[in-house]
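Per UniProt numbering, residue 1 is the first one in the sequence shown, and the count goes up by one each step.
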Amino acid sequence: MVDKTPEPGSEEAIRAYKTILSHVIDQRPSGMRQRLADALGKHRSFVTQISSPAYSIPIPSKHLPAIFSVCHFSPAERDQFLAAYHQAHPGKISVAAGMRKTRHVSLIVPDFGDDKQNAALDKAVNDFIQKITSITGKGGS
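Structure representation (structure tokens):
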């Protein structure tokens, strides 16, 4: 008998949870990828890479709380995603299982007219939020 369970960390295992994420995003209103990029403090191309089964780049576990919150996963979708994620990345499930609820906050910031400067500001704001939440002991994973 042939075992059809993908090997942990394999492209097939990663593709399985990315397929679920891609389907969830496709079922949401337009602009979801941009909202997710904003929440992660990343460019939209990063969201494309982590949500497309065509790319073998794994999703960092630290991004899971924001993904679940912004994309409004149903409990069934979250369970299915986490099962596939655990299959692909055994041992990281403890991080994902203990996630705290997050919320999305939007800020209006100046556009510097330069992609590098804009990215630096986005990263600084995201780093600041993560540092503050970790200091207070309320930060997610």
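Backbone N, C-alpha and C define an ideal beta-carbon position, used for all residues, glycine too.
For I50, the three-state secondary structure derived from DSSP is helix. Using a Cβ distance threshold of 8 Å, I20 and C71 do not count as a contacting pair. Nearest C-alpha to Y17 among V105, V109, F81: F81. Apart from the 5 residues on each side of it in sequence, F73 sits with its Cβ closer than 7 Å to the Cβ of V24, F81 in its chain, given in chain order. With 16 or more other Cβ atoms from the protein chains shown falling within 10 Å of its own Cβ, Q87 counts as buried. By the criterion of a C-beta distance shorter than 7 Å, Q34 is surrounded in its chain by R44, once the five residues flanking it on both sides are discounted. Boundaries of the alpha helix (DSSP H) harbouring Q117: 115-135, taken from the DSSP string. For I59, there is no enclosing alpha helix (DSSP H), as DSSP marks it with neither H nor E. Each of P90, D38, R78, S52 was checked against the Cα of L64, and the nearest Cα belongs to R78. In the three-state reduction of the DSSP assignment, F81 falls in the helix class.
Annotated three-state conformation of F68 is helix, per DSSP.
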